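Numbering (the working numbering), first residue to last: 155 to 314.
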């Protein structure tokens, strides 16, 4: 009986995740249909992701700008505050995610793990993370950006 309950929980979690993913896709479609600027699209997507992960204290969207070779941050929210972060050189977490093309989840030993990847704290943001997830944004077959969610209060806040 316990196995059936576990399977039901897993299936519900899968459905919840797919529902959240579809909500994000829908927000992009609505932003495109409304003729929003690229920044308007980033705002709509960032806001929707924030709605779907209300416990994440930090969330950002990073995009590689091929002409400059820099990472831009069109959407950054840390602990409820919208921040502006200047463009940064490619490195650390972005390099890792771009090279592997896979999601990176760090749920424990945060500082040790991110230091090993050459990560640095974004200017103006807290540096006491407990866990985070970085999801690649892929178009044209290449990682061109990423979405990051951060939890400052607990380890194991995110799953694969």
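Each residue gets a CB set at the ideal place from its N, CA and C atoms; glycine is no exception. Predicted, not measured: the structure shown is a model, and the values here were computed from it.
Q: From the DSSP output, read off the bridge partner residues of residue 205.
A: Here residue 205 is taken as the residue at index 51 of the chain shown, counted from 1. The partner list for residue 205 (beta bridge, DSSP) is empty, contrary to what the question assumes.
(Q) Can you tell me whether residue 293 is buried or exposed? The criterion is at least 16 other CB atoms within 10 Å of its CB, across all chains shown. (A) In the chain shown, the residue the question calls residue 293 occupies position 139. Counting Cβ neighbours within 10 Å, residue 293 comes out exposed, since fewer than 16 surround it.
Q: Starting from residue 251, follow the alpha helix (DSSP H) in both directions and report where the run begins and ends.
A: Here residue 251 is taken as the residue at index 97 of the chain shown, counted from 1. Counting along the chain, the unbroken alpha helix (DSSP H) around residue 251 starts and ends at 246 to 254.
(Q) Tell me whether the region 252 to 264 and the region 282 to 299 touch, counting them as touching only if at least three CB pairs, one residue from each stretch, are closer than 8 Å. (A) Segments in contact, yes.
(Q) Could you check whether residue 231 and residue 257 sit closer than 7 Å to each other, using their CB atoms as the reference points? (A) One-based indexing of the chain shown puts residue 257 at position 103. One-based indexing of the chain shown puts residue 231 at position 77. Cβ distance not < 7 Å, so residue 257 and residue 231 don't count as in contact.
Q. Given that a residue counts as buried once 16 or more other Cβ atoms are within 10 Å of its Cβ, and exposed if not, what is residue 270?
A. Against the chain shown, residue 270 aligns to sequence position 116. By the 16-neighbour rule on beta-carbons within 10 angstroms, residue 270 is exposed.
Q: Figure out for me which residue from 213, 260 and 208 has the closest Cα to the Cα of residue 200.
A: To locate residue 200, count along the chain shown from 1; it is residue 46. Among 213, 260 and 208, the Cα nearest to that of residue 200 is on 213.
Q | Residue closest to residue 275, alpha-carbon to alpha-carbon, out of 304, 220 and 261 | A | Counted from its first residue, the chain shown places residue 275 at position 121. It is 304 whose Cα lies nearest to the Cα of residue 275.
Q: Can you check DSSP and say which residues form a bridge with residue 214?
A: Taking the first residue of the chain shown as 1, we reach residue 214 at position 60. BP columns for residue 214 point to 230 and 302.
Q. DSSP on residue 307, reduced to helix/strand/coil?
A. Within the chain shown, residue 307 is the residue found at index 153, counting from 1. The three-state secondary structure of residue 307, taken from DSSP, is coil.
Q) Where does the unbroken beta strand (DSSP E) through residue 286 begin, and where does it stop? A) To locate residue 286, count along the chain shown from 1; it is residue 132. That run of the beta strand (DSSP E) goes 285 to 293.
Q: Tell me whether residue 240 is buried or exposed, calling it buried when 16 or more other Cβ atoms sit within 10 Å of its Cβ.
A: To locate residue 240, count along the chain shown from 1; it is residue 86. Residue 240 should be labelled exposed.
Q | Helix, strand or coil at residue 258 [DSSP, three-state] | A | The residue given as residue 258 occupies position 104 in the chain shown. Residue 258: strand per DSSP, three-state reduction.
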